[in-house]
Amino acid sequence: QTDFEYISKNFDRLLGKPGVKAILVLDRETGNVLKTGGNPELFRKESSESSKPSISNDAPSEGTAEPSTADREGVVELATLVWNYVNVTEQFVQDLNKEDTARLQRLRTATQELVIITDPRFILAVAHDKPNSG
Numbered sequence: 015q016t017d018f019e020y021i022s023k024n025f026d027r028l029l030g031k032p033g034v035k036a037i038l039v040l041d042r043e044t045g046n047v048l049k050t051g052g053n054p055e056l057f058r059k060e061s062s063e064s065s066k067p068s069i070s071n072d073a074p075s076e077g078t079a080e081p082s083t084a085d086r087e088g089v090v091e092l093a094t095l096v097w098n099y100v101n102v103t104e105q106f107v108q109d110l111n112k113e114d115t116a117r118l119q120r121l122r123t124a125t126q127e128l129v130i131i132t133d134p135r136f137i138l139a140v141a142h143d144k145p146n147s148g
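With the working numbering applied, the sequence shown corresponds to residues 15 to 148, in that order.
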């Protein structure tokens, strides 16, 4: 069983975890969106003029409605941000130690947390509510 098969198999379970807002799975080489789930409102953002990865037409959509154009653009927008962040972080790690690699990245903002797991074939990003810090 490949890592992607494992993620696909457990996608709904992960999406159902308390506080999870959205999940994004990207192709590691191209940044193309392989699979998404969660609240499409999280993906809505002002459009930008930067070059963007695309949503794969090969991704299965088992019984789900086709996302609206705004939702699709928001997903691509978020994918671009995640993919760029991962690449910059990977370069930073390589500059520190050429034999090392970033496997897990955690970014906490005032309102949410983004956990990013990288693999040679894909990037998994999970956005969830920021944990309460007691």
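Where a beta carbon is used, it is the ideal one built from N, C-alpha and C, also for glycine.
Where the beta strand (DSSP E) through residue i begins and ends
{"i": "D114", "result": "Where D114 is concerned, there is no enclosing beta strand (DSSP E), given that its DSSP letter is neither H nor E."}
{"i": "A139", "result": "F136 to D143"}
{"i": "D41", "result": "V34 to D41"}
Residue i versus the options, residue with shortest Cα-Cα distance
{"i": "E116", "options": "R122, F106 and P32", "result": "Checking the displayed sequence, the identity of residue 116 turns out to be Ala instead of Glu. A116 has its Cα closest to that of F106, out of R122, F106 and P32."}
{"i": "L121", "options": "E91, I137 and H142", "result": "H142"}
{"i": "R135", "options": "V47, N24 and K31", "result": "V47"}
{"i": "E127", "options": "L138, I137, P145 and N111", "result": "P145"}
{"i": "I21", "options": "L38, P32, N98 and N101", "result": "L38"}
{"i": "G33", "options": "E43, K23, T125 and D41", "result": "T125"}
Residue i (DSSP reduced to helix, strand or coil)
{"i": "A124", "result": "coil"}
{"i": "T78", "result": "With a pLDDT of 44 at T78, under the threshold of 50, the modelled position of that residue is not reliable, and no figure is offered here."}
{"i": "G51", "result": "strand"}
{"i": "K23", "result": "helix"}
{"i": "L29", "result": "helix"}
{"i": "N71", "result": "Its pLDDT being 42, under 50, N71 is placed unreliably in this model, and the value from its coordinates should be taken loosely. The answer is coil: DSSP assigns N71 none of H, G, I, E or B."}
{"i": "T16", "result": "coil"}
{"i": "T44", "result": "coil"}
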